[in-house]
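Take a look at the structure below.
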Amino acid sequence: MDYSIRPLTQQDEPFLWQMLYEAAHLQEQGNLTVQDAMNNPDLAKYVKDWGRKDDSGFVAILESSNQPIGAAWLRLLTSENQGYGYVDDEIPELAIAILPQHRNKGIGTQLLTHLLAAAKTSYSSISLSTRATNRAVGLYKRFGWEVVADSETINRVGSISFKMKIDF
1 MDYSIRPLTQ QDEPFLWQML YEAAHLQEQG NLTVQDAMNN PDLAKYVKDW GRKDDSGFVA
61 ILESSNQPIG AAWLRLLTSE NQGYGYVDDE IPELAIAILP QHRNKGIGTQ LLTHLLAAAK
121 TSYSSISLST RATNRAVGLY KRFGWEVVAD SETINRVGSI SFKMKIDF
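full-length UniProt numbering puts the first residue of the sequence shown at 1, with every later residue one more than the last.
Structure representation (structure tokens):
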């Protein structure tokens, strides 16, 4: 499968909503839609008005059809508007998702490689929130993310999530 990776732009916001839907596992909760992610203020803060000064990330594009298939992005949230992986006002949170039919093909690894290389020039750390059962936890650990002590919490679906952080 041939794909390329490029920086996200404001024009990618509709695709980021789809990726947020995937990242939040909404498909596992019955008949929820991308619109449900857009209407949920705790989720919408990761995408709404994409393209702000500190927003950054990358999108994977399938070469054959020019269709986006995955994205990894950072957003700097504040203590007044914390995300699930909030650590402090200087550490952006990572969101990442790949369309289900394109998972387990190395795309997430390539997106993270691009994102971390770019982020090192602007930030000392990146945080994220993940379910304990997420298969990507191994990927995050391979890149150097570590579980933040005492960050385990019961998430919105009743399972365990925790924060992870990588320091550059």
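By construction, the Cβ of each residue, glycine as well, lies at the ideal position given by its N, Cα and C atoms. The structure presented is a predicted model; accordingly, all values stated were derived computationally and were not measured.
Query, Result
"Quick check: the Cα distance between residue 136 and residue 23, rounded to an integer number of angstroms?", "11 Å"
"Are there 16 or more other CB atoms within 10 angstroms of the CB of residue 109, so buried, or fewer, so exposed?", "exposed"
"Is residue 34 helix, strand or coil by DSSP?", "helix"
"Straight-line CA distance for residue 67 to residue 15?", "10 Å"
"Do residue 96 and residue 107 count as a contact pair if the criterion is CB distance below 7 Å?", "no"
"According to DSSP, is residue 143 part of a helix, a strand, or is it coil?", "helix"
"What residue ranges within the stretch 85-135 form continuous alpha helix (DSSP H) runs of no fewer than 4 residues, ordered along the chain?", "107-119"
"Tell me the DSSP bridge mates of residue 162?", "130"
"Short check: CB of residue 151 to CB of residue 163, under 7 Å?", "yes"
"By Cβ distance below 7 Å, which residues in the same chain neighbour residue 34 in space, the five residues on each side in sequence not counted?", "17, 18, 21"
"Compute the distance between the beta-carbons of residue 63 and residue 3, then report whether it is under 7 Å.", "yes"
"In this structure, does DSSP put residue 167 in helix, strand or coil?", "strand"
"Could you tell me which whole alpha helix (DSSP H) segments of length 4 or greater appear in the stretch 2-76?", "13-23, 34-39, 41-44"
"Please say whether residue 72 and residue 115 have beta carbons closer to each other than 7 Å?", "yes"
"Mind checking whether residue 148 and residue 120 have CB atoms under 7 Å apart?", "no"
"Here's a check: name, in chain order, each residue in its chain whose Cβ is nearer than 6 Å to the Cβ of residue 91, leaving out the five neighbours to either side.", "125, 127"
"Hey, residue 70 and residue 32: beta-carbon distance below 7 Å or not?", "no"
"In whole angstroms, what separates the C-alpha of residue 132 from that of residue 83?", "17 Å"
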